[in-house]
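Heads up, the thing below is written out as structure tokens.
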Amino acid sequence: MKITAVELRRIAMPLVAPFRTSFAVETARDVLLVRVVTPDAEGWGECVAIDAPLYSAEYVEGAADVLRRFLIPALPVNDVDADTVDRVLEPVKGHRMAKAALQTAVLDAQLRTAGQSLGRFLGAAVDRVPCGVSVGIMDSVPELLDAVAGYLDEGYVRIKLKIEPGWDVEPVRAVRERFGDDVLLQVDANTAYGLADARHLAKLDPFDLLLIEQPLADDDLVQHAELARRLTTPICLDESIESAAHAAAAITLGAASIINIKPGRVGGYLEARRIHDLCRAHGVPVWCGGMLETGLGRAANVALAALPGFTLPGDTSASRRYYAEDVTEPFELRDGHLDVPTGPGIGVDPLPERLAEFTTASEWITF
Ligand code: OSB
Ligand code: MG
């Protein structure tokens with residue numbers, strides 16, 4: 024495949040409600056989109072980096088910088104596909120979210136040219152995926168219960184509560200008391216605790232949670248293994264897992280019994296699939312995480328979540344959970360599921376008028 028041009032486009036997407044985690048309050052997403060143009064097709068990749076380096080070291084302006092300065096210039100213009108992108112970007116350390124966006128755009132263009140859907144390319148086993156929802160930290164327990172009630176009414180099959188010190192056992196207890204023991208429930212700390220909090224975190228054990236996600240720092244694999252010995256709640260890693268090698272290390276150490284796969288965090292859909300394959304071979308369940316993606320990123324995540332090792336519901340919520348207006352046709356929940364797109368590539372297109380309406384900047388790199 025020959026690339027003729029790459030566009031770096033920024034869009035500003037207001038969220039329907041502020042989303043509070045242990046590391047930030049998000050009220051809008053400043054999204055970097057990568058568009059790859061070839062003589063036969065265009066491909067899209069959504070960069071999941073957020074505006075500040077608080078979830079991981081990456082941030083949107085840094086991703087744009089490394090793309091224009093190092094990643095895009097490294098592409099061989101005349102004969103490129105997603106595997107080539109993996110290979111030529113390998114010497115650049117880190118910057119996996121930026122790499123993932125570029126590789127996804129190339130892969131999308133490649134699959135649109137070949138007429139194959141991303142789901143089929145990755146090995147999707149189902150045509151729809153069950154969906155969970157990630158519920159931010161709220162100002163009060165009654166406010167949280169209202170939010171959870173609304174999501175359960177919409178049909179979400181799993182609830183994830185964001186937690187932090189001071190907002191953990193009480194909200195979990197309140198949700199269990201109000202909605203019962205049958206609700207699939209899990210929590211996500213985004214690295215907010217230390218191993219010294221093990222006794223406190225063990226107070227979550229009686230609530231029969233599916234998992235606790237990333238309680239400790241991203242580079243605390245050994246501490247996570249120690250914490251796993253002190254809790255009955257299974258430990259799931261998010262921020263710690265940036266590659267299949269990290270996943271292998273975490274499994275070997277006993278630091279995780281479940282893994283959250285976010286393609287952006289691990290450098291793209293090819294590495295995401297390798298992590299899936301590795302975990303499946305080891306009997307480790309995986310699920311698809313989210314980074315408040317627009318429809319463009321969501322389409323690709325839903326395709327990944329259809330792989331057979333994704334045995335837990337993902338953070339693949341409907342468009343309206345995030346945005347009043349999405350940049351694509353909205354993803355809508357039906358019976359707690361989203362349909363896996365079947366069209367070529369990621370299977371969705373940006374709506375030109377929406378895209379124009381949300382765009383704040385655009386630059387073209389031509390070859
Ligand atoms: O840790 O999973 C996380 C959003 C932004 C950054 C990190 C995380 C999240 C979410 C939201 O939990 C998941 C989603 O619905 O996209
Ligand atoms: Mg997480």
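Using the working numbering, the letters of the sequence shown correspond one by one to residues 24 to 390. For each residue, glycine too, the CB sits at the ideal point set by N, CA and C.
| said: Quick check: is any heavy atom of the ligand OSB less than 7 angstroms from the C-beta of L315? | reply: The residue given as residue 315 occupies position 292 in the sequence shown. Yes, since a heavy atom of the ligand OSB falls inside the 7 angstroms radius drawn around the Cβ of L315.
Please tell me whether, using a cut-off of 7 angstroms, the distance from the CB of E69 to the nearest non-hydrogen atom of the ligand MG is below it.
Within the sequence shown, residue 69 is the residue found at index 46, counting from 1. Outside the cutoff, so no.
| field | Spatial distance of R377 from V350 (CA atoms) | value | Working through the sequence shown from its first residue, we reach residue 377 at position 354. Working through the sequence shown from its first residue, we reach residue 350 at position 327. Approximately 5 angstroms, taken between the alpha carbons.
Delimiting residues of the alpha helix (DSSP H) encompassing A197
As a first step, residue 197 is located in the sequence shown; it is residue number 174 there, counting from the start. From DSSP, the alpha helix (DSSP H) with A197 extends over V192 to F202.
For Y78, is the beta carbon positioned less than 7 angstroms from some heavy atom of the ligand OSB? The sequence position of residue 78 within the sequence shown is 55, counting from 1. Correct: Y78 has its Cβ closer than 7 angstroms to the ligand OSB.
| message | Helix, strand or coil, according to DSSP, for Q246 in the structure here? | response | Taking the first residue of the sequence shown as position 1, residue 246 is located at position 223. Reduced to three states, the DSSP call for Q246 is helix.
Touching by the beta-carbon criterion (3+ pairs, under 8 angstroms), the stretch 336-348 and the stretch 147-158: yes
Three-state secondary structure (DSSP) at P165? Within the sequence shown, the letter at position 142 stands for residue 165. In the structure shown, P165 sits in a helix (DSSP, three-state: H, G or I).
How about G66 and A121: are their beta carbons less than 8 angstroms apart? Reading the sequence shown from its first residue, position 43 is the one you call residue 66. Reading the sequence shown from its first residue, position 98 is the one you call residue 121. Contact flag unset, no.
Problem set entry | Whole-angstrom distance between L374 and E352, CA atom to CA atom | Numbered from 1 along the sequence shown, position 329 holds the residue referred to as residue 352. Numbered from 1 along the sequence shown, position 351 holds the residue referred to as residue 374. Each residue's alpha carbon lies about 7 angstroms from the other.
Counting beta carbon pairs with one atom in the stretch 32-51 and one in the stretch 378-386, are three or more of them shorter than 8 angstroms?
yes
Three-state secondary structure (DSSP) of H360
Along the sequence shown, read from residue 1 onward, the residue named residue 360 stands at position 337. Here H360 sits in strand by DSSP.
Item to complete: Would you check if there are 3 or more beta carbon pairs closer than 8 angstroms linking the stretch 52-71 to the stretch 295-306?
Response: no
Is it the case that the CB of Q139 approaches a heavy atom of the ligand MG more closely than 7 angstroms?
The sequence position of residue 139 within the sequence shown is 116, counting from 1. No - the ligand MG has no heavy atom lying nearer than 7 angstroms to the Cβ of Q139.
Discussion item. Let me check you understand the geometry: is the CB of D211 closer than 7 angstroms to at least one non-hydrogen atom of the ligand MG?
Written reply: The residue you call residue 211 lines up with position 188 of the sequence shown. If you check the C-beta of D211 against the ligand MG, you find a heavy atom less than 7 angstroms away.
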